[in-house]
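Here is the structure we will look at.
2 protein chains.
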Amino acid sequence: MVTDSPHNSSITIAEKAAHKRVRALGVDLGAMDAVANIFRAANSIRNKAERDLLAQHGLSFTGFTVLWVLWVWGPRESHQLAEESSVSKSTLTGIVKTLHTLKLVERKSHPSDGRRLIIAPTQKTLHLMEELFPKFNELEKEVTKGLTKKEKSGLIKKLRTILHTLEG
Amino acid sequence: MVTDSPHNSSITIAEKAAHKRVRALGVDLGAMDAVANIFRAANSIRNKAERDLLAQHGLSFTGFTVLWVLWVWGPRESHQLAEESSVSKSTLTGIVKTLHTLKLVERKSHPSDGRRLIIAPTQKTLHLMEELFPKFNELEKEVTKGLTKKEKSGLIKKLRTILHTLEG
DNA sequence: ATGATATCGTTCGGAGCCTAATGAAATCAA
DNA sequence: TTGATTTCATTAGGCTCCGAACGATATCAT
Chain A
0 MVTDSPHNSS
10 ITIAEKAAHK
20 RVRALGVDLG
30 AMDAVANIFR
40 AANSIRNKAE
50 RDLLAQHGLS
60 FTGFTVLWVL
70 WVWGPRESHQ
80 LAEESSVSKS
90 TLTGIVKTLH
100 TLKLVERKSH
110 PSDGRRLIIA
120 PTQKTLHLME
130 ELFPKFNELE
140 KEVTKGLTKK
150 EKSGLIKKLR
160 TILHTLEG
Chain B
0 MVTDSPHNSS
10 ITIAEKAAHK
20 RVRALGVDLG
30 AMDAVANIFR
40 AANSIRNKAE
50 RDLLAQHGLS
60 FTGFTVLWVL
70 WVWGPRESHQ
80 LAEESSVSKS
90 TLTGIVKTLH
100 TLKLVERKSH
110 PSDGRRLIIA
120 PTQKTLHLME
130 ELFPKFNELE
140 KEVTKGLTKK
150 EKSGLIKKLR
160 TILHTLEG
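Keeping their order, the protein sequence lines are chains A and B.
If you read the first sequence in numbering that gives the first Met the number 0, its first letter stands for residue 0, the second for the next number, and so on.
If you read the second sequence in numbering that gives the first Met the number 0, its first letter stands for residue 0, the second for the next number, and so on.
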């Protein structure tokens, strides 16, 4: 009898097929699986959050991310907000427009530089995030419930290492 | 004097600000940071791949993913292809259209069921992937170079655990 | 001062991405 | 056999998302 590991993190059929395909090419399978699984996890979590939590508030995942950044940091200049939200400036223009019609952000002009724009959360945003963020964190707990606290720390550390490599 | 850890996986300023914001709300910071870093890593890697590798071939990341699935599995029915590429069927219709104009896929009708559609890679795709995939794997090696082989295995295992929780 | 350059945000065109509605083909029921 | 149901892919409509081009503002050089 074959026994499952306690957390069932065994290789998938898709991964086996991929290994077979590239076996002759001398590739680094560890690097390949690491990157592939980062994408799979991000996709799945994003879809779940949009479906189970954000859709009912009319928010996209990106919209939620922008709101989160504003909630954490307070009013920001738009280029900072784009940077910290991981979207381009042109994307942010559209997001801010949508959030503005939802009365979740205000646009303020910069006091000394007419080119710059300051985006600020509204009271409505603060109330919304106080309601929404704990629910989002419940979802985060749910998806990571198969990992111990220590394992989560290990995961975070490794992902930070990758990010540091990318930004270096 | 403060010494960096060898891989520099220390907490970022953004994470510190986030912790400060949610400190009073009794959230699970480990779950929060784990999920946030999965998104950060996925975004960064995707952007790098699009910018450094895929753009010059006129491919989007999703287009590349679809091509990869076709390369690994061979011709697939479109609903399987959508499933394995993590996109909806209607999205796949558009992607296939784009790939078709690039002469990278063929549409074949199912021999016994006129509703079904089979998507097949072309010779051009096979040549392209033989050139492109090793480069993509180089990129995967590059972004994970801060991790040992053992650390990569640990990362993969933890991500699979999350995926299993999501699919369970 | 004033022309060139740099730096902002926005617009534009096009692809990706979703759900809901639609259309085409197969199957089932009576 | 034929009408209803199921099961496919596509279309329609609306955001999201990007890079490139654009106008507006600020700064720099002379």
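Idealized CB from N, CA, C, for every residue including glycine.
As the structure is a prediction and not an experimental result, all values here were calculated from the model.
Secondary structure note for residue 120(B): its beta strand (DSSP E) is the uninterrupted segment 116-120. Closer than 7 Å to the CB of residue 38(B) there is at least one CB belonging to chain A. Residue state for residue 86(B) is assigned as coil, using DSSP reduced to three classes. At a C-beta separation below 7 Å, residue 89(A) has no neighbours in chain B, since its nearest C-beta there lies roughly 15 Å away. Close partners of residue 20(A) in chain B (Cβ separation under 7 Å): 70, 71. As for any alpha helix (DSSP H) of minimum length 4 sitting wholly inside the segment 54-103 of chain A, the runs are 60-72, 77-84, 88-100, ordered along the chain. Annotation: Cβ neighbours of residue 13(A) in chain B (cutoff 9 Å, chain order): 68, 71, 72, 83. For residue 133(A), the closest Cβ of chain B is nearer than 7 Å.
Annotated three-state conformation of residue 144(A) is coil, per DSSP. Looking at the DSSP output, residue 108(B) sits in a beta bridge with 116(B). At least one CB of chain B lies nearer than 7 Å to the CB of residue 16(A). Think of a sphere of 8 Å around the beta carbon of residue 108(A): no beta carbon from chain B falls inside it, the nearest being about 25 Å out. Burial of residue 154(A) is indicated by the presence of at least 16 other C-beta atoms within 10 angstroms of its C-beta. Against chain A, the beta carbon of residue 51(B) has no neighbour under 8 Å; the closest one sits roughly 11 Å away.
A buried status is given to residue 32(B), since no fewer than 16 other beta-carbon atoms sit within 10 Å of its beta-carbon.
Residue 56(A) has its alpha-carbon roughly 16 Å from the corresponding atom of residue 121(A).
Close to chain B, meaning a Cβ-Cβ distance shorter than 7 Å, are the following residues of the segment 151-162 of chain A: 151, 152, 153, 154, 155, 156, 157, 158, 159, 160, 161, 162. For the options 147(A), 149(A), 157(A), the alpha carbon positioned closest to that of residue 150(B) is the one of 157(A). The C-beta distance from residue 124(B) to residue 104(B) rounds to 7 Å, short enough to fall under 8 Å.
The segment 97-113 of chain A makes no contact with the segment 7-25 of chain B; the number of CB pairs closer than 8 Å stays below 3. Spanning the alpha carbons of residue 164(A) and residue 140(B) requires a straight line of approximately 11 Å. Listed along chain A are 151, 155, each with a C-beta nearer than 8 Å to that of residue 32(B). The C-alpha of residue 115(A) lies about 8 Å from the C-alpha of residue 77(A).
Counting every other CB atom within 10 Å of its CB across the protein chains shown gives residue 91(B) a total of 16 or more, marking it as buried. Neighbours of residue 24(A) across chain B, judged by C-beta separation under 9 Å: 129, 132, 133, 136. The segment 50-65 of chain A makes no contact with the segment 10-25 of chain A; the number of CB pairs closer than 8 Å stays below 3. Rounded to the nearest whole angstrom, the CA to CA distance from residue 79(B) to residue 46(A) is 18 Å. Chain-ordered listing is empty here: chain A has no CB closer than 7 Å to the CB of residue 76(B), the nearest sitting near 16 Å.
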